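Numbering (full-length UniProt numbering), first residue to last: 1 to 156.
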């Protein structure tokens, strides 16, 4: 998909593996952009699944995010799931938490800095011992994630 839409990427098309979004600044330009995408799909003999298509919408779920005209936001259910996570009891639960936060990294300012204290527990040959410092830092890590409902501006 990246090669097929190379000249349109980050202008009117966003791709991820075999999913893509066609976007337009003006509603009247959208049909033109769709036509260009359809022509390209036809040229490469690619087909779309009609049940997975949505046309002319102002917002749509895409790869776990909600894409709207002014920007991208995270589904509230994903935010709530992270906020409800208990303190990790072992390295595997800590890795799981960090993976979830990494997925949302563009919405969390200074994520690397917030996770730095916890990275020590993931080092090889370090015993996983959750102490008072982690008790204090953990709520701050998750509370700092709460503004994820804010929009991230998406350039068209």
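For glycine and all other residues, C-beta sits at the position ideal for the given N, C-alpha and C.
Source: prediction; values computed, not measured.
Just how far apart, CA to CA, sit residue i and residue j?
i: residue 100; j: residue 82; result: 8 Å
i: residue 96; j: residue 40; result: 39 Å
i: residue 103; j: residue 26; result: 30 Å
i: residue 128; j: residue 90; result: 6 Å
i: residue 32; j: residue 51; result: 22 Å
i: residue 136; j: residue 44; result: 55 Å
i: residue 49; j: residue 109; result: 37 Å
i: residue 10; j: residue 126; result: 43 Å
i: residue 34; j: residue 28; result: 11 Å
i: residue 78; j: residue 124; result: 30 Å
i: residue 116; j: residue 84; result: 21 Å
Could you give the first and the last residue of the continuous beta strand (DSSP E) run that contains residue i?
i: residue 68; result: 65 to 68
i: residue 16; result: 13 to 16
i: residue 22; result: 19 to 22
Around the Cβ of residue i, are there at least 16 other Cβ atoms within 10 angstroms (buried) or fewer (exposed)?
i: residue 12; result: buried
i: residue 46; result: exposed
i: residue 65; result: buried
i: residue 53; result: exposed
i: residue 140; result: exposed
i: residue 118; result: buried
i: residue 107; result: buried
i: residue 5; result: buried
i: residue 14; result: buried
Since residue i contacts residue j with CB under 8 Å, what's their CB separation in whole angstroms?
i: residue 30; j: residue 56; result: 7 Å
i: residue 163; j: residue 130; result: The structure shown does not extend to residue 163, since the chain is modelled only from 1 to 156, so the question has no answer here.
i: residue 36; j: residue 1; result: At roughly 15 Å, the Cβ-Cβ gap does not stay under 8 Å, so residue 36 and residue 1 are not in contact.
So the alpha helix (DSSP H) residue i belongs to, where does it begin and stop?
i: residue 73; result: Counting along the chain, residue 73 falls outside any alpha helix (DSSP H), though it belongs to the beta strand (DSSP E) covering 71 to 74.
**Q.** Stretch-stretch touch, CB-based, cutoff 8 Å, three pairs: the stretch 49 to 63 with the stretch 17 to 27
**A.** yes
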